[in-house]
Each structure stands twice: as C-alpha cells, then as structure tokens.
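J.: Structure in structure tokens, see below.
Residue numbers (our numbering): 202 to 1375.
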C-alpha cells in the first residue's frame, strides 16, 4: 500500500517484575518465531511477552461516494482530503444533515496523541520526540498541522454512513462486518502535506505474557502459543480486524497487504509515556475545543513539560513562585553548548514562550539570568560551571538572600572550591540581578496590558455601547495605526453576537468610543518593550577585560520607562470607563451604583494617579545622565509597584463592569418576567372563557383543542453575551479574578482575544500570484532556456540573501528607492527585501573580495509598486541576471551582455527590439540643453517615462521638477531621435555641440556596434535617445528590450554598465567595473502563457514532462510495470504509472490523454513484460 512510515506509540510494560521470562518456559524452537514489534516485549535483553496483535492508523474511505462524485481515488495529501470531503459533504448534507467529510479521534485521550502524531509527522513537524531525544513538534509545520485539525471539529459516525473519510485502527474492519457499508469501504494510507513529506501511521501493539503467580504454567504456555498461532491470528484478522504480529504473516503472506506499513521507524519510549502523551493530547484538545488558538502557547507549554519530563527536571509548582520567570528557556538552543540535558532537548521555539505567556515556572530569576548571560558571552567559563548553575533551576525553590547573590549562587551550586577568579567576575558581570528582577513584573505587566482589551470589552457591554466606532473603515482604511487596528478588531471579535451592544443614536462617551486610541499605542509600546527585554535576555556579554562591550542599563531603563508609559495609558482608559459606568449610570440606562462601586472607583482613581506619576517620573529620568544603575534600580521598583497598581485598576474595572452588566441582565430578566406574568394572566383569562363555553358544549372538539393550546408554558430568559466576554463574565461571576499568575486565566485571555476568529477570505497578497502545474511547466521551460544560454557563455551561478541591510540598498535606485520593502526590526538590524539582483551582486563582490567574475543569478526580487497583473508587473517577481565584473577591453563585455539578452529572447520565440543608449551621451545632451547638473538624474527619470506617457505629460513633469521651459523644449528634439544604430550615430556625429562634448562616447558606441554586428545581435538594436534608465548606479551603456508586436507589456529585459557601484562597498577609491543584463521573466511568462493557450485547441497546456505512461491490462501487474519504469528511468526517459495495483485501462488511457503523454507501454497477462506492446 505504498510507503507509509509507522511511528510507534507503544510503551514498554511497567509490570516487569510480575512477569515470567519466556525463555524459562518455552523451548528454543518455538521461541525462535520472529514477531513483528518484538523489541517491545524484551527488557534488558530478556523476553517477557509475545506480541498478540498490531494496531496501525489508516484511512478508510467510501468507494461509492468517491465514484459518485467522480474522484479517481482516495486523497494522498491532506489538502486533497479536505477538498474531496468538502465537495462530497456539501452535496450529501442535503439528504443527511448529520453527514461529515472526515471523522477521527479528537477527544482528550491517548487516541488523540496518535492522531496528532500522524498529523505532525506527515506535515514534516517531527515525531514529537525524535530518535535522538529532541522534542520536535513545536515548529511551523506543527502549527500548520494543529491549525488544520482545528478546522475539522464535528461529530460523525462512519459506521452509520455519516462520513466519507475516517481515520481509525484495523478493528474498524470488524465493526463493518454485516453492515450496509461492508463492501463499500476502501483502505488507504493516511495523507501527507505534499512534496517533501511522507504518510505516517501510528503503530501500536498488544502483548501477552504469563504471570509469575500462575500455578499451571504448562497450560499457560499452551494458551499463549495458541493465541499467537497462525490459525488464531488469521481468524482474529478476518473476523475482528486484529492485525497479526508474526512477521511471516504480516509481511510475506499477502494477508495484510493493505495494512503493510514498511520502513517502520519505531521510537523506544519509557514509562513516562502516559504523562508525555497527556501533555500532547491535552494541548491539542485545548485547541480543538476552542480554549486556545493554534497560535497560542499550548505547543510551547507541552514542549516545556515534555523536555522537563524526559530529563527529570519537572518545574516547581506555581505556589512555590511569586512571579512568572521564563528566562532560561528562551535560550535553550544556545545553552545546548553547555552539555546540559534539559537544554539539549529543547528547541528555539521556547523563545516564543516569552511573548505568549506559555511559560514554565522556574524558581530563580537570578540563576536563570546568569545562565542566559554566560551562554552568550566570551568569558571562557567552563561548561561544567554553567551546567552546575543550570541544575539549580530544577531543584525547587531556591532561597537566595537579598544581598551577596553571587556568593549564594556559588555556594548553592557547589562551585566554591573550584571556581576561578575570572569565572567569579563573570557571574557578577552584566547586572543579571537587575535584569532578572525586572523581567518578572515586566512580563506580568505585559499580560495585564493584553488582558485590558477583554476588561474594556466587558465595560462596553455593560454600557450598552455602540460598536460602530470600531468598524473596519475607521481603522484599517482611514487611520491604520497597527495597534489601533488590532484593538478594534479584537473588540469586534469579543463582542460578536452580544445582545447588549448596538447602535446608539446619540453616540457614546469618549471613554468607550476611544478604547483603540488608548489601548493601541499601549500595545505598540508593550510589543517594543517585549522585544527589548528578549534582546537583553539573549544578548552577548563581553569578557570581563573588555570595557567596550559590557552591559549598560540604558536599553533596559528606556524599555521599562516605556512599559510604565503603556501601563499609564491602560490605567487612564480604565479610569474613564469605570467613571462613566458609576457616575453616568443613569444616562447609560443603568441603576444607581452602590456605595461599594463608588468606593471601588475612588480606589481605582488613586491607583491610576500613582501609575501616572511613576510613568511621568521614569520617562523624564530615562534620559538623564548620572548613576544609571541606581536609577535603573528605582525604575525596576516602580515597575514592580506599577504591576500591583495596574492589577488593582484592572480588577476594579472588571468588577464594576461585571456588576453593571449584571444589573443590565437583571433589568432584562425583570422585564421578561413581567412580560411572562402578563402573558400568563392573558392566557388564564382566555382559558376561563373557553371553559365556560365548554361547559355549555361538553365534548366540543374545537373548544377542547383551544383549551389545550392555552396551556401556559413558562420560558426562562437567557442573556446572550459576546463571544469573548461571555466566558470572561462567567469566570468573574463565579468568583474568579483577573490573575495573570494563573495559567488557566492566561489561556482564557489568549483564547478570547484572538482576532483571527473573524471570518476572513483566503486571498493572496496584492501584487503576487500562485502558479499551478500548467504555469510551472512554462516557467521551468523558460528558466531552462535562460540558464542554458547563461551557461553557454561561461557564466557561473551564485545566490545571495533575499534581504539585505537597508543601508546596502538605499541611495542606489534614485526615485525608485521609495519602492523598497522594509522589514520590521527583529533585533537591531534594519533590513529590506532586495529590489533587484544587481546591488546584492555588487555587495557580494565587495564582501568576498572578488575582482572578476562572469555570473548568473535567477531569484525573486520585491518592489512596493502599484501592480498591473495583466501587464506582468508584480510586487514579487523573478529576475534572471547575467553580469561580467572585472577590467577588460573597451565594450567587449558590454557587447556580450547585449548578445546574451538577444539570444535568450530569440530562443523564446519573441518578437523584440533592443533600445540602447549611453549615460554619458545623455549627460552631454542635458548640458547642451542647459539642464542644471544637479537635475540630470531627476530629468532622466522623467525622460524614461516616454515609453508610457506622451511628450506633453513628460514635459509637464520636467517643469514641475524645476526645469526651464526652454530647456525642456530643446530636449524634445534630441529625445525623439531613434532608429538604426549606425544611422542615428552618424546623425549625432554631425551635430557639433554633441560631437564636441561626447565625441569619445560616440567613438565607443561605434566600437560596440561593430562587436554586436559580429555577434549577430545588431539587427535587433536601435539607438534610442529617450532611453534613460532611472537607476542611479548606471555609468555607461544602457539598454532595454521591448516587444514589437504588443504595447501591453513594458520592457522585458534591461541592463547596462555600472562601474562605480561595487566601489560603494569598498574602502578607498577602489573600483570594480561591471556590466550586466536582467531578464524580466514575469512579463515574458505572461506573453508565452497566452501564446501557448492560444495554440492549444482546448486552451490547456501540457502540464507534465512525462514522455511515457506504463500501463497494464488484466490483473495485478504492478511489479511488472515497476520493472519497466525502472528500465525507462535508467535510460533517461521520463515515465510514470498510475499508483494502483490493477487500474482500469480506460482510466489509464484517460490519464495519458488528459496530460498529453505521447506514449503508453502496456503490459498484459498474454504479453511479455520484457517487451511490452506499445
């Protein structure tokens, strides 16, 4: 059934001491039977049990439904499964509302671990714990798998016919016996995530052994051998779907062919399996039931717990710590250098724990900070010293005195007698005490700032506020501050579905309307602070004798001052909202507030004022010069105090909002009850009237029916709160608090503030496109053609990073520099996506000290331009560059670059023309027309638009840039010159003004035209004075190619000489001359795709390279087809076969026709497979 790797969830028995060693009871002949999964029945080489039956996860599918909806076979990828399931479910639910596309095991138990393992592994996320003991599921692929699982939530009964696909164990076969589906179900491998990934099925097994307490051991042996005998195993498989464990039956007999999981990779586990499994299935289930989103910290938490479990370093309980400390785990990957086992098992994903709150509670912020700083430093501290300190983190609460913490660490770690003076100094370096002390309250404050959105939403609901101020158009479109946009989106999600918010004709108070304006900037400050703290926690410390790189408190001081400013914004918003709920209750339709609420508001106001004072003082002092460390200690104390104060502020607002909302609910309940009383009285009155009538007409059926319909059925009012505020209100009503130390509370907040719950249409970013198989066929052919020409000319391939330092790119593209994509600062370097391949090439030459090279480079570049998809202008696109760098004879490299461009475009069958000019000639024309030298480049940029705009528009732009009208008018005569190169050259040489100022350039052009004529490229070239090429780095010949049979596409290739670009990256006046050409592949691709579709009678494009399809007729000839395939592949012939044992011939023929495969090799029972008929 293909090649599905098996990932084991088996765990060795923990009752080893109660088992009899089978070697003591069973003779060697019978014991020699080879069993599948035998390694799980031995302990320290001693065999204590025999495998009884095997479990493996597979995909069951409804053959009849796939055929009904014209699907050729079961899905091989998860995307295909979702597509097929969606199509079939959309149709089947019309007659069966309980029908689902895919059913699987998603409940919170060990079976979910198995399902999750298969999804993680088949997405390339690893196998939870890899063979080398590394925890491997917390990565981008794991997140993708978890997100996919979340989309599948529902309940379906496959056996009852209520789903098309079903993941389960082989026992499902037994359950299908005697049901209507018995002969309508097929078995397949579980899907994978596409190229580069493989199918994975979880492997498990059941064992049988003999208890030591059994008296009649001979009979017990006979029973055991009977259970594992071929007869019993065959019967168990055929009757109840239990896979046999004997290797000869499982692999060799063909009995289990559909379930044959080859290349099994079995992970040996320990008795910790039950705990480890629970970490996984609880984390995954939290996502499935909506308690957490896939992007939240559940994978981080599960990974933290898994690492600690595997290495016997479980974290201390929450009660043992006073605050969240997550310092050491954020650098787990780096600390692996120290040889510490906990660090070896961890992955860089722990860094996410800092920002998301999925933290392990550790016991010593100081010890953790010390480990962090040492691991990145150049101290020369022995790894044994670092490991000893790291060990302190797993031994429970570490009591350290307030002073002499270095001595305490040395004493606790047992290093007092072995540590050197330099190592002792290293422990004290870098102010780890300040850093560790600041981290705890800072991250608590960050969580409170995050929680404030939920509390604010509850206040909105309590006030019956209007949601219109948070609408999309007022934030994303009109004023797109990132923080405000995020807060507005979060509020919309939190209050979605609430019956207590709506539109108020008189509008809302600013306290409610302007929540994004308060919380948005605070969120942006908080994110910057989180980044700064993460950098400080993970930054390198210089050696103790290096005074230039030692720790300075200013970044920490500035970050903490910003955090206090953010806290002040949150506190101010909370005070305004609480004040509105208490002092404007009547205008909000709320009852008069209680004395308790009024007193609470006074406490909130006092706390808010203290937060404001701390923020103001810290911001003012952050820039003062003085005793920075003493000042930082003061600010750290303020942060700790602000954490307590903001906690009080948020608590009080939450309680005021809860009480106000409860009052509003009580009002609705009272009105509902009043309405019910009126309804009941009205019905009672009508019943009495009907009863009187019935007394006069006993047995009247009409009156009896009326009387029955007038029976009063009471109804209970149920308040409908917002999707996010509802769970929060329930927690507060049940006595819960806003507690950022409570993991459950953190999980609740993370879940209900995830703005991604909003329904969003999947779409591509603007200016980009997807490429299907048809398009990729054309692209690959074009790339092959271009690469072949490059290599014919002796060019070698190179590659550079997709992003560069921003300073590398800026100032090289003239006015087009504004089109450069800048990246968000991720750690001190300002980066930008590459605009082209030329500047990175110049930087490459300078960085690698290369003075001459002929190179090509095919890669993506990025421009923040207004895209025109129909004209092949995108924001992300490929360029194919050819460059010659080095000092060579005049115009020889230039001629070859132009010749390469012409050869490529001609080989692609395009009708084109190459416009050519020289920057020195342009400068001479500018000077003759009295254009000021400082305006040369800006006027060139305007001239360069003449291929898109008429002269009048270009002239107007020149005037707007400050050019005199007389100069612009004189330029018109020159830039209109274009035509056959030698003819236009003669015309220019006849002009005295130009001949005097650019005589040398004209001579160089004459030489170039001679060389181009020798290369056979001159017929494609025209000398065009309007070609300016706006890029600043060009210094000599410039050229670009355009199509001659359409004006819907701009230039398709361009280039020129840039002798001074490389020198910008070199010291002194050193220069490396260079010339090159860049092929605009996207525009060429658009033209060729249109041409290919026009040539095809069906509009389709051959989407495969396959030259031959190996087919068969009459039975299972899969092995014969494989042999033929192997011979064809060895001969270099592209060939394939349909991945079925006995495919229908019609389907094979249809596949060949649909994919334009020119040849078929057909094997049949009556034909020799060595010489198949064709």
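C-beta atoms are modelled at their ideal positions from N, C-alpha and C, and glycine is treated no differently.
If we ignore side chains and look at the alpha-carbon of each, how far apart do residue 791 and residue 860 end up?
T.: Taking the straight line from one Cα to the other gives about 10 Å.
J.: Leaving out five residues before and five after residue 1361 in sequence, what residues of the same chain have Cβ atoms less than 6 Å from its Cβ?
T.: Correct list, in chain order: 1310, 1312, 1353.
J.: Relative to the alpha-carbon of residue 1091, which residue among 1275, 1226, 934 has its alpha-carbon at the smallest distance?
T.: 1275
J.: To the nearest angstrom, report how far apart residue 1259 and residue 1143 are at their CA atoms.
T.: The C-alpha of residue 1259 lies about 20 Å from the C-alpha of residue 1143.
J.: Spatial neighbours of residue 887 within its chain, please: C-beta separation below 7 Å, excluding the five flanking residues on both sides.
T.: 911
J.: State the DSSP-derived secondary structure class of residue 1361, mapped to helix, strand or coil.
T.: strand
J.: How would you write the range of the alpha helix (DSSP H) that residue 930 sits in, first residue to last?
T.: Bounds of the alpha helix (DSSP H) holding residue 930 are 926-934.
J.: Can you give the Cα-Cα distance for residue 250 and residue 318, rounded to whole angstroms?
T.: 26 Å
J.: Run the CB neighbour count on residue 997, radius 10 Å, all protein chains shown included, and call it buried at 16 or more, exposed below.
T.: exposed
J.: How long is the line joining the alpha carbons of residue 623 and residue 756, rounded to whole angstroms?
T.: Straight across, the Cα-Cα distance linking residue 623 with residue 756 is about 26 Å.
J.: I need the straight-line Cα distance from residue 820 to residue 717, nearest angstrom please.
T.: 23 Å
J.: Rounded to a whole number of angstroms, what is the C-alpha to C-alpha distance between residue 499 and residue 343?
T.: Bear in mind that a pLDDT of 48 at residue 499, under 50, signals an unreliable position, so the number given afterwards is only what the model happens to contain. So the two alpha carbons sit approximately 12 Å from each other.
J.: For a quick check, are the C-beta atoms of residue 922 and residue 663 less than 8 Å apart?
T.: The answer is no: Cβ separation not under 8 Å.
J.: Give a yes or no on whether the C-beta atoms belonging to residue 643 and residue 761 are separated by under 8 Å.
T.: yes
J.: I believe residue 1223 touches residue 1116 by the beta-carbon criterion, under 8 Å. Please report the beta-carbon distance rounded to the nearest angstrom.
T.: 6 Å
J.: Using a Cβ distance threshold of 8 Å, determine whether the region 771-789 contacts the region 833-852, with at least three qualifying pairs required.
T.: yes
J.: May I have the straight-line CA-CA distance separating residue 425 from residue 279, to the nearest angstrom?
T.: 41 Å
J.: Can the beta-carbon of residue 734 be found closer than 8 Å to that of residue 776?
T.: Annotated as distal: residue 734 and residue 776, with beta-carbon spacing of 8 Å or more.
J.: Can you say whether residue 1024 is buried or exposed, counting buried as having 16 or more other CB atoms within 10 angstroms of its CB?
T.: Residue 1024 is exposed by the Cβ-count criterion.
J.: For residue 1245 and residue 1098, I'd like the C-alpha separation in whole angstroms.
T.: 21 Å
J.: Is it the case that the region 999-1012 contacts the region 1042-1049, given that we only count it when at least three CB pairs across the two stretches are under 8 Å?
T.: yes
J.: Since residue 1116 sits in a beta bridge, which residues does DSSP pair it with?
T.: 1223, 1241
J.: Please determine, among 1285, 1145, 1264, the residue with the shortest C-alpha to C-alpha distance to residue 1228.
T.: Out of 1285, 1145, 1264, 1145 has the C-alpha closest to the C-alpha of residue 1228.
J.: Can you tell me whether residue 193 is buried or exposed? The criterion is at least 16 other CB atoms within 10 Å of its CB, across all chains shown.
T.: Since the displayed the chain opens at 202 and closes at 1375, residue 193 lies outside it and no answer follows.
J.: Figure out for me which residue from 893, 1104, 965, 370 has the closest Cα to the Cα of residue 993.
T.: 1104
J.: Which residue spans inside the region 974-1047 form an unbroken beta strand (DSSP E) run of at least 3?
T.: The region 974-1047 contains these whole beta strand (DSSP E) runs: 1004-1006, 1032-1034.
J.: DSSP three-state call for residue 382: helix, strand or coil?
T.: Note: residue 382 maps to coil in three-state DSSP.
J.: Residue range of the alpha helix (DSSP H) that residue 447 falls in?
T.: Here residue 447 belongs to no alpha helix (DSSP H), and DSSP marks it neither H nor E.
J.: In the DSSP output, what is residue 1080 paired with across the bridge?
T.: 1060, 1281
J.: On the DSSP letters alone, give me the boundaries of the beta strand (DSSP E) that residue 914 sits inside.
T.: For residue 914, there is no enclosing beta strand (DSSP E), as DSSP marks it with neither H nor E.
J.: Kindly give me the distance between the Cβ atoms of residue 1113 and residue 1253, rounded to whole angstroms, as I take these residues to be in contact under 8 Å.
T.: About 7 Å separates the two Cβ atoms, so the contact holds.
J.: To the nearest angstrom, report how far apart residue 1365 and residue 1307 are at their CA atoms.
T.: As the crow flies, the alpha-carbon of residue 1365 is around 22 Å from that of residue 1307.
J.: CB-CB under 7 Å to residue 478, same chain, minus the five flanking residues each way: which ones, in chain order?
T.: If we look at residue 478 and ignore the five residues flanking it on each side, its Cβ neighbours are 311, 314.
J.: Three-state secondary structure (DSSP) at residue 1356?
T.: coil
J.: Go ahead and pull the three-state DSSP assignment for residue 439.
T.: In the three-state scheme derived from DSSP, where H, G and I count as helix and E and B as strand, residue 439 is classed as helix.
J.: So, at 6 Å on beta carbons, what are the nonlocal neighbours of residue 692 in its own chain, with the 5 sequence-adjacent residues on each side left out?
T.: 658, 671
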